[in-house]
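In terms of this note's numbering, the sequence shown has 89 at position 91, counting the first letter as 1, and numbering is strictly consecutive.
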Amino acid sequence: MMQSYYNPTKILLGNSIVILKRLLVEFSNKNILALYSNGFGERNKDIDKLFKNRGNIFIYNKVQYNPDIEYIYQTIKELENFNFDYIIAIGGGSVIDTAKAISAIRNTSFDNKDDLRDIIVEERYNHHNNFIPIMAIPTTSGTGSEVTSWGTVWDFKNNKKYSIASFSLYPQKAIIDPELTISLSRELTAITGLDALSHAIESFWAKKTNVISRIYAIKSIEIITEALPNILYDLSNLELRGQMALGSLYAGLAFSNTKTTACHSISYPLTMMYGIPHGIAVSMTLGKIFDINKKHIVNVDELVEVFKKRNVRSLDNFIKKIFEISNIKHNLKDYGVKKDQIAEIISSSFTKGRMDNNPVDITKDQLEDILIDLL
């Protein structure tokens, strides 16, 4: 059986300001849209000043956590009079998702938010070849968006989550600089770290797994299960930040070719309906889904061996330990979920391309047991 692996993103590791200075000389003939938050600009004045001193860069800092249809519509409309042919996105997954939405949709025609929604749902953005190239610079060690070909757009009005997906959305370049993650709080370090761990583990057991993605996944799991518990007690440790950055990158390279599975599928309604942060929502079920999947995972012994090496006797307990160290609420009732709402969550938990990518079918009864146990 033939297996394939593809990822065209050029990865640059090192000091972001040094790398950007060199690249911006190369890009002097481009009109650039730079996306990052006001907070990032205040914390990273050298990068902010570098961009502000160049006449070919327009800075847009109205960034939104979990970008939705309304926000993407307003953003593209605000930018329609600015001519740009390159995007530099600096931030977490939401900023990079926004860049991907702009890249895909900027050169399509729509009159209102309903038109925009239809373009996304019907994937009409793939009817053109005018995607705007992206450079992605992550400021968290979690999403892996800097090396994937899709982005997320939320539709809170209709309780939906959409993916914008195209090989044209692989960022041309990704800069990995762990110094940009130093300011992350303990809570955000834990949440994003668990997101990366979920990407790696789900990629390993996905139906679409392949020998190359599993190599990246195992390396990511080895790194994160060692570095994450330690960094939560030593947030300014640059060496540990570097390890987490690599762990997240390897996870991104793994699931960029396999996508995710049941845990991500279940997480979407938890985030949409109850506002549970993505890294929490996805890792809540990781240990329980592992127990269901275990007998059906290709090369499961490799995964078990990593857990043994890292003294992870129970994946569920490891994740709970991370939650507890970081003071993170990890019961559904803490987020307002009641037992009589479980059925509604279940009905929205079977996302095509995610739940059916799990190595074994998860039944509604199994999911009900998992969610009730999480109350």
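Think of the CB as a built atom: it goes at the ideal place given N, C-alpha and C, for glycine as much as any other residue.
So, are the CB atoms of residue i and residue j less than 8 Å apart?
i: residue 256; j: residue 211; result: yes
i: residue 65; j: residue 148; result: no
i: residue 31; j: residue 70; result: no
i: residue 172; j: residue 144; result: yes
i: residue 130; j: residue 101; result: yes
i: residue 5; j: residue 168; result: yes
i: residue 128; j: residue 105; result: yes
i: residue 374; j: residue 48; result: The question about residue 374 has no answer here: the residues shown for the chain are numbered -1 through 373.
i: residue 103; j: residue 135; result: no
i: residue 343; j: residue 268; result: yes
i: residue 337; j: residue 360; result: no
i: residue 132; j: residue 85; result: yes
i: residue 249; j: residue 142; result: yes
i: residue 304; j: residue 220; result: yes
i: residue 281; j: residue 186; result: no
Taking only three categories from DSSP, how would you classify residue i?
i: residue 175; result: coil
i: residue 191; result: helix
i: residue 150; result: strand
i: residue 136; result: strand
i: residue 293; result: helix
i: residue 204; result: coil
i: residue 288; result: helix
i: residue 440; result: In the structure as shown, the chain begins at -1 and stops at 373. Residue 440 is therefore absent and cannot be evaluated.
i: residue 230; result: coil
i: residue 63; result: coil
i: residue 11; result: strand
i: residue 373; result: coil
i: residue 161; result: strand
i: residue 86; result: strand
i: residue 129; result: coil
i: residue 55; result: strand
i: residue 383; result: Because the chain in this structure spans residues -1 to 373, residue 383 falls outside the shown range and cannot be described.
Alpha carbons only, please: which of the options is nearest the one belonging to residue i?
i: residue 252; options: 153, 199 and 283; result: 199
i: residue 300; options: 218, 123, 148 and 0; result: 218
i: residue 209; options: 82, 297, 153 and 40; result: 297
i: residue 34; options: 53, 262, 60 and 51; result: 60
i: residue 322; options: 188, 175 and 140; result: 188
i: residue 9; options: 341, 116, 170 and 313; result: 170
i: residue 314; options: 305, 339 and 284; result: 284
i: residue 353; options: 260, 57, 292 and 362; result: 260
i: residue 76; options: 177, 57, 23 and 294; result: 57
i: residue 324; options: 339, 346, 232 and 126; result: 232
i: residue 3; options: 242, 254 and 38; result: 254
i: residue 244; options: 316, 365 and 139; result: 139
i: residue 26; options: 11, 83 and 293; result: 83
i: residue 121; options: 316, 312, 347 and 150; result: 150
i: residue 318; options: 309, 7 and 328; result: 328
i: residue 161; options: 305, 119 and 316; result: 119
i: residue 306; options: 271, 224 and 21; result: 224
i: residue 1; options: 368, 206 and 247; result: 206
i: residue 52; options: 174, 316, 22 and 270; result: 22
i: residue 222; options: 246, 123 and -1; result: 246
Using a Cβ-based criterion (distance less than 7 Å to any ligand heavy atom), does residue i qualify as near the ligand FAD?
i: residue 373; result: This structure simply doesn't include the ligand FAD, nor any ligand for that matter.
So, is residue i buried or exposed, given that buried needs 16 or more other C-beta atoms within 10 angstroms?
i: residue 193; result: buried
i: residue 191; result: buried
i: residue 80; result: exposed
i: residue 263; result: buried
i: residue 265; result: buried
i: residue 234; result: exposed
i: residue 137; result: buried
i: residue 373; result: exposed
i: residue 286; result: buried
i: residue 159; result: buried
i: residue 293; result: exposed
i: residue 309; result: exposed
i: residue 98; result: buried
Consider the Cβ of residue i: report whether some Cβ of chain D lies at a distance smaller than 8 Å.
i: residue 51; result: Looking at the structure shown, chain D is missing, and only one protein chain is on hand.
With a cut-off of 8 Å, do at least 3 Cβ pairs link the region 41 to 53 to the region 3 to 19?
Flag = yes, the region 41 to 53 and the region 3 to 19 touch.
Using 8 Å as the threshold, is the region 86 to 102 in touch with the region 61 to 71, meaning 3 or more CB pairs across them?
Yes, the region 86 to 102 touches the region 61 to 71.
Are three or more beta carbon pairs between the region 232 to 241 and the region 331 to 340 nearer than 8 Å?
Too few Cβ pairs lie closer than 8 Å, so no.
Three or more C-beta pairs under 8 Å: does that hold for the region 223 to 231 against the region 268 to 281?
No: fewer than three Cβ pairs fall under 8 Å.
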